[in-house]
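For the sequence shown, the numbering used here assigns the number -9 to the initial residue and increments by one for each residue that follows.
All residues carry an ideal CB built from backbone N, CA and C; glycine is no exception.
Here the structure is a predicted model, which is why all the values come from computation and not from measurement.
Since the structure comes first, as structure tokens, the remarks are kept for the end.
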Amino acid sequence: MAKSNPSVLTPPARSRTRWPISSIVDAAGLAPCYHQQVDRSNGYEAVANEFLAGRGSRARTVGIGVKEVRKWAKTLPRGCSVIDLGCGPGIPITAVLVEEGLQVFGLDASPSFVAAFQRNLPGTPIACESVLDSRFFDRTFDALLAWGLIFLLKAEEQHRLIQRFAQVLAPGGRLLITSPAKPAVWNDAMTGLESTSLGATQYKELLAAVGLSIVEEYEDEGENHYFDGVKQK
Ligand SMILES: C[S@@+](CC[C@H](N)C(=O)[O-])C[C@H]1O[C@@H](n2cnc3c(N)ncnc32)[C@H](O)[C@@H]1O
-9 MAKSNPSVLT
1 PPARSRTRWP
11 ISSIVDAAGL
21 APCYHQQVDR
31 SNGYEAVANE
41 FLAGRGSRAR
51 TVGIGVKEVR
61 KWAKTLPRGC
71 SVIDLGCGPG
81 IPITAVLVEE
91 GLQVFGLDAS
101 PSFVAAFQRN
111 LPGTPIACES
121 VLDSRFFDRT
131 FDALLAWGLI
141 FLLKAEEQHR
151 LIQRFAQVLA
161 PGGRLLITSP
171 AKPAVWNDAM
181 TGLESTSLGA
191 TQYKELLAAV
201 GLSIVEEYED
211 EGENHYFDGV
221 KQK
């Protein structure tokens, strides 16, 4: 019998490589995306179970923002493409877009939310990426929604994201984002992490600088402030 090679009994040196903790292929069959053990979701991955049991549960399909998003969605041509940035598990907000007959794409940096999204809205494309370095499905969209997202980012990151809004929207494309109208810094109720609203005046200036005009502003019963805008043709 051949003598066994002693090297096989030696445990390998501990690797410094960060292995992906999960790998999800988006529902459109686009490139696989790998998640590293670095949180890109601004703390939401850590509170995903709590979120899924509350706002993200099927029992709460009439959540805050549903009425406003449905009204907005009804103003879009049926079948037009819309990307929901920071879509979470797809309930309650993205589901409204799907119900209104739009061609919906989701994007969220939390692997747990992406998995829940795939269960909740099977067949709707979703990418598990940060909005800060996403390729946004390598296409443009007729409309863009970012509900409860932009203020989770640092001020400089918000500036960059607003520039990306303009790049991913088609001419005449529509935009709906939420953030408090007054400039403010606070700790997010779920994650405890710092949130920053640049305020309506600065948001409108930054959006205007990249060709996005706000045509209407309103608030919902949860005091979320909506910026409803359009990209110049
Ligand atoms: C307040 S929750 C809102 C979720 C959903 N839009 C809703 O209305 O229920 C914020 C969401 O943004 C996601 N998020 C935070 N930072 C992100 C980033 N840099 N890129 C993509 N998604 C992010 C979180 O994972 C979370 O799903």
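- In this structure, Leu97 sits away from Ala63, with a CB-CB distance that is not shorter than 7 Å.
- Under the three-state reduction of DSSP, Asp218 is assigned to strand.
- In the DSSP annotation of this structure, Ser185 is not part of any alpha helix (DSSP H); the continuous beta strand (DSSP E) holding it starts and ends at 184 to 187.
- The closest CA to that of Glu206, considering only Asp218, Leu197, Ala199, is found on Asp218.
- Following the DSSP letters along the chain, one finds Ala105 inside the alpha helix (DSSP H) bounded by residues 101 to 110.
- For Thr168, the uninterrupted beta strand (DSSP E) segment begins and ends at 159 to 168.
- Per the Cβ contact rule, the region 180 to 193 is in contact with the region 138 to 152 (3 or more Cβ pairs under 8 Å).
- Remark: C-beta atoms of Ala136 and Gly76 approach each other more closely than 7 Å.
- For ligand 1, no non-hydrogen atom lies closer than 6 Å to the CB of Ile73.
- Of the heavy atoms belonging to ligand 1, none sits nearer than 6 Å to the Cβ of Asn110.
- Under the DSSP definition of a beta bridge, Gly96 partners with Asp74, Ile116.
- Closer than 6 Å to some heavy atom of ligand 1: that describes the Cβ of Asn32.
- In this structure, Ala99 has its beta carbon less than 6 Å from a heavy atom of ligand 1.
- Annotation for Asn39: the continuous alpha helix (DSSP H) segment containing it runs 38 to 43.
- Less than 7 Å separates the beta-carbon of Ala133 from that of Gly163.
- Between Asp210 and the set Lys57, Ala199, Asn110, the nearest pair of CA atoms involves Lys57.
- Of all alpha-carbon atoms in Gln192, Ser102, Tyr208, the one lying nearest the alpha-carbon of Glu35 is that of Ser102.
- Trp137 has its Cβ nearer than 6 Å to a heavy atom of ligand 1.
- Going by DSSP, Val88 is part of the alpha helix (DSSP H) stretching over 83 to 89.
- Ile152 sits in a helix when the DSSP states are folded into three classes.
- The beta carbons of Ser71 and Phe131 sit closer together than 7 Å.
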